[in-house]
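So that you can map any letter, position 34 of the sequence shown is 183 in this note's numbering, and since no number is skipped, the others follow by simple counting.
Ideal Cβ placement from N, Cα and C applies to all residues, glycine included.
Every value quoted in this text rests on a predicted model; they were computed, and no experiment measured them.
See structure below.
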Amino acid sequence: MGGKVKGDPGPMARSFRGRAGVGEYWGQIVINAVLGAIVGAIPTFGPFLAIPWILASMAVTTRRLHDLGLSGWLQLVPIAVWAAACVIAVFGFSQGGDFSAEVAAAIWSWPSPQGIVLTVGALIWCACFLALGLLPGQNGPNVYGEADLKGEVPA
150 MGGKVKGDPG PMARSFRGRA GVGEYWGQIV INAVLGAIVG AIPTFGPFLA IPWILASMAV
210 TTRRLHDLGL SGWLQLVPIA VWAAACVIAV FGFSQGGDFS AEVAAAIWSW PSPQGIVLTV
270 GALIWCACFL ALGLLPGQNG PNVYGEADLK GEVPA
């Protein structure tokens, strides 16, 4: 059983079960982003060492979606949109697999179709990210557990 109840500190940072309120979501996202960026900047092995922070961010996003009464799998939608935009931009612009700095600069130039696709993908990602951080969770229990006592509106 997930969620927070009186006297229970809630799920661990890397737990995909339970619910996370707005405060817990933003706190975890900021901490994970800072630590993931620091560790991820280590040459060669950094991106592999950042995997625990990526998983923790995915876990708190899942719990935040649970607080809204939604499935945690929905976090894959903006990821898939952004990945598709990147693939379209790279393979739609490069000729014969030749990808250089000039091609990368041209992809982001406006009003190229690839630049528009990447910008729309980034805007969808940002809209989903902000919606998770700003929408209030469901009051009372839902299928994912009890509501965060701090964020619950008294009746």
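Check                                                                                                                                                             : Outcome
Between A169 and the rest of its own chain, which residues show a CB-CB distance below 7 Å, the 5 nearest in sequence each way excluded?                          : V209, R212, R213 and D216
Let me make sure I understand the geometry here. Which of P227, Q224 and A234 has the alpha-carbon closest to that of I265?                                       : A234
For G189, which residues from the same chain have a beta carbon less than 6 Å from its beta carbon, with the 5 sequence-adjacent residues on both sides left out? : G195, P196 and A199
In this structure, how does DSSP classify N288 when only helix, strand and coil are distinguished?                                                                : coil
Would you call L272 buried or exposed, if buried means 16 or more other Cβ atoms sit within 10 Å of its Cβ?                                                       : exposed
Let me check you understand the geometry: is the CB of R212 closer than 7 Å to at least one non-hydrogen atom of the ligand NAD?                                  : The ligand NAD is absent from the structure shown, which contains no ligand whatsoever.
Would DSSP call G156 helix, strand or coil?                                                                                                                       : The predicted position of G156 is uncertain, since its pLDDT is 42 and thus under 50; a value taken from the coordinates is nonetheless stated next. Coil, per DSSP.
Given this structure, state the Cα-to-Cα distance separating G270 from W202, to the nearest angstrom.                                                             : 23 Å
Do A296 and G289 come within 8 Å of each other at the CB atom, strictly closer than that value?                                                                   : yes
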